[in-house]
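> 2 is the number of the first residue of the sequence shown in the numbering used here; add one for each residue after it. Okay, handing you the structure first.
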Amino acid sequence: MKFRLIIILLAFFAISLKATTKEDICHCYLNNRMPVWKYIIDQLKSQPEKSDELLLELVNYQYGYIGWCLTNNRKDEALVYLKLAEENVKLLEAKKFERAMIFVYKAAFYGYHIAISKFSAPFLGPKSSSCANQAIQLAPNQPFGYIQLGNVKFHSPSIMGGSKAEAISYYLKAKTMMEKNKDEIRGDWNYLSLLTTIAKAYESINDLSNAKLMYEEILKFEPGFIWVRDELYPQLLKKL
């Protein structure tokens, strides 16, 4: 156990010498180094004084880590970090800082609560949708609201207004918005996550040709993205 911890710490410090925290997190995402990701957000949390900008950045990294926990059946750990992230959002909301992004994360966190307990969907689903729409109203040219609205549409049953095709349209809209700033998407895990979400969404509606094109676009942008390169893309090729 101690040896593993040393390895994790060494990996963290090695990449920290070369990159910003944003790039560190992206490096973790590309290389499936989630213990390092966890270490980074724990270190950020422990900082005694954080600017509002840094706190919002921390929420983004917590948001990503919670999603990974849920995908990997670590609900108890997801709930721990979800509560921490929600506390941070409350602090930012009290200061009325980046109100559109506050609604983005509130929408996302309602969705996470639904993932933890499906029974909450009838109550929290509309709240998630409302927050995503409020984020878009406040910042119509900001992509994250459209990502969350896409998530709501993708995961909701059709009887509750869900539509995977409509979800993909929102994801694509967010993609176009992100790509207007080429400097920002380089080294940004959020952009890579969105592209992967789009590819998997195409797969879910059996649009395998567009899924293939999206995976190839991802690998052209980041050839070393382990999850896509070694798992998702090869699995798709087998289907074809």
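Backbone N, C-alpha and C fix where the C-beta goes; we use that ideal spot for every residue, glycine too.
Put G112 into one of helix, strand or coil per three-state DSSP.
Counting from 1 along the sequence shown, the entry for residue 112 is found at position 111. In the structure shown, G112 sits in a helix (DSSP, three-state: H, G or I).
> Grouping DSSP H, G and I as helix and E and B as strand, with all else coil, what is T177?
The sequence position of residue 177 within the sequence shown is 176, counting from 1. DSSP places T177 in helix when its eight states are reduced to three.
> Return helix, strand or coil for K240, following the three-state DSSP convention.
Numbered from its first residue, the sequence shown carries residue 240 at position 239. In this structure, K240 counts as helix in the three-state DSSP scheme.
> Could you name each continuous alpha helix (DSSP H) segment of 4 residues or more that falls completely within the segment 148-223, going from the start of the chain to the end?
You should have 165-179, 183-186, 190-205, 209-222.
> Count the CB pairs spanning the segment 136-154 and the segment 97-112 that are closer than 8 Å, and state whether there are at least three.
Touching, yes.
> Is K240 buried or exposed, if buried means 16 or more other CB atoms sit within 10 Å of its CB?
Here residue 240 refers to the residue found at position 239 when the sequence shown is read from its first residue. By the neighbour-count rule (16 or more Cβ atoms within 10 Å), K240 is not buried but exposed.
> Between which residues of its own chain and G188 is the CB-CB distance below 7 Å, once the five residues before and five after are set aside?
As a first step, residue 188 must be located in the sequence shown, where it is residue number 187. If we look at G188 and ignore the five residues flanking it on each side, its Cβ neighbours are K23, E24, C27.
> Could you tell me how far apart the beta carbons of L233 and I199 are, in whole angstroms, since I believe they sit closer than 8 Å?
Residue numbering aside, residue 233 sits at position 232 when the sequence shown is read from its first letter. Residue numbering aside, residue 199 sits at position 198 when the sequence shown is read from its first letter. The Cβ separation is near 12 Å, so there is no contact.
> Buried or exposed: L18, going by 16 or more other Cβ atoms within 10 Å of its Cβ?
Mapped onto the sequence shown, residue 18 falls at position 17. For L18, the predicted model reports a pLDDT of 38, less than 50, meaning its position is unreliable; a value from the coordinates is still stated below. Label assigned to L18: exposed.
> For I16, does the count of other Cβ atoms within 10 angstroms reach 16, so buried, or fall short, so exposed?
Numbered from its first residue, the sequence shown carries residue 16 at position 15. Any reading at I16 must be qualified, since the residue scores a pLDDT of 43, below 50, and its modelled position is unreliable; the value itself is stated next. The residue is buried, with at least 16 neighbouring Cβ atoms inside 10 Å.
> Given S164, which residues of its chain have a CB within under 6 Å of its CB, disregarding the five upstream and five downstream residues?
The residue labelled residue 164 in the question sits at position 163 within the sequence shown. So the qualifying residues of the chain are K154.
> Count the other C-beta atoms from every protein chain shown that fall within 10 angstroms of the C-beta of K238, then say buried if there are 16 or more, exposed otherwise.
In the sequence shown, residue 238 corresponds to position 237, counting from 1. Rather than Lys, the amino acid found at residue 238 in this sequence is Leu. L238 comes out exposed.
> For the candidate residues D53, Y113, K46, whose alpha-carbon lies nearest to that of K76?
The count along the sequence shown starts at 1 and reaches residue 76 at position 75. Comparing Cα-Cα distances from K76 to each of D53, Y113, K46, the minimum goes to Y113.
> Tell me the rounded alpha-carbon separation between Y111 and G126.
Position 110 of the sequence shown holds residue 111. Position 125 of the sequence shown holds residue 126. C-alpha separation (whole angstroms): 7 Å.
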